[in-house]
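Numbering (the UniProt record's numbering), first residue to last: 1 to 225.
Data first, discussion second: the structure below is written as structure tokens.
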């Protein structure tokens, strides 16, 4: 039997491949950062490597949020407070606003998550544990500055954990209450819907994503290695 097309199966493409790879790679390396930080010891070297990978992914996402496909762009999902409030109110009804990609409320949670991770990754570059682990750029600041940035780095762990918790609760809310699976679209890129020229997702050529990736990788290599 021939495989059904998205139109025949009632599927809409909402996430491009680079965005999906970024998402799951970020999950893996942020998780690695938390695990290695808690275990400490010789694993701290891997904590630094994981942190640099997170920084590289964030650099990629910042650029991809400008040049990527429509749903990946910040201009698509970063809306004003009024739009976020109206969407939040619609959740109390049986038919919330239908949005391709991040909804106005979720868009702000993504911005908050990315901002918290940027703070964590950048402060980690200058942090130290006062034993034997030092960030790649530790020598570029004074000891007092490094101590202050290290404290921010530690405190911000709780902020990130809280944001991750809210993100997971939102996913469970949509799955259990609204009967909308947000996980599968981030795996296969598609969600149920009616394909049309208006909803067609146009993804930039692969070379654009590879160029952005090369920029992010070169930046991290210059910083950390």
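All C-beta atoms in this analysis are idealised placements derived from N, C-alpha and C, irrespective of residue type, glycine included.
Buried/exposed call for residue i, threshold 16 Cβ in 10 Å
i           : result
residue 15  : buried
residue 27  : exposed
residue 191 : buried
residue 65  : buried
residue 7   : Only weak support is given to the placement of residue 7: the predicted model assigns it a pLDDT of 49, under 50, and the value that follows is read from those uncertain coordinates. Residue 7 is exposed by the Cβ-count criterion.
residue 161 : exposed
residue 227 : Summary: the structure shown does not reach residue 227, with the chain confined to residues 1 through 225, and so no result is reported for it.
C-alpha gap between residue i and residue j, whole angstroms
i           : j           : result
residue 105 : residue 12  : 21 angstroms
residue 163 : residue 143 : 30 angstroms
residue 159 : residue 37  : 15 angstroms
residue 246 : residue 184 : Beyond the ends of the chain as shown, which are 1 and 225, falls residue 246; an answer cannot be given.
residue 176 : residue 101 : 19 angstroms
residue 97  : residue 139 : 51 angstroms
Cut-off 7 angstroms between Cβ atoms - residues of its own chain near residue i, not counting five sequence neighbours on either side
i           : result
residue 214 : none
residue 118 : 58
residue 47  : 33, 36 and 37
Own chain, CB closer than 6 angstroms to residue i, minus 5 neighbours either side, in chain order
i           : result
residue 63  : 212
residue 207 : none
residue 220 : 52, 55 and 56
residue 227 : Since the first residue of the chain shown is 1 and the last is 225, residue 227 is not available in this structure.
residue 29  : 50, 53 and 54
Cβ distance (whole Å) where residue i is taken to contact residue j below 8 angstroms
i           : j           : result
residue 133 : residue 152 : The Cβ separation is near 16 angstroms, so there is no contact.
residue 202 : residue 73  : Going by Cβ atoms, the distance from residue 202 to residue 73 rounds to 12 angstroms, so no, they are not a contact pair.
Cutoff 8 angstroms; reference residue i; Cβ partners in own chain excluding five residues on either side
i         : result
residue 2 : With a pLDDT of 44 at residue 2, under the threshold of 50, the predicted position of this residue should be treated as unreliable, though the coordinate-derived value follows. So the list is empty, once near-sequence residues are dropped.
* Is the region 158-169 in contact with the region 98-113, if contact means three or more CB pairs nearer than 8 angstroms? -> When C-beta atoms of the region 158-169 are compared with those of the region 98-113, three or more pairs fall below 8 angstroms, so the two segments count as touching.
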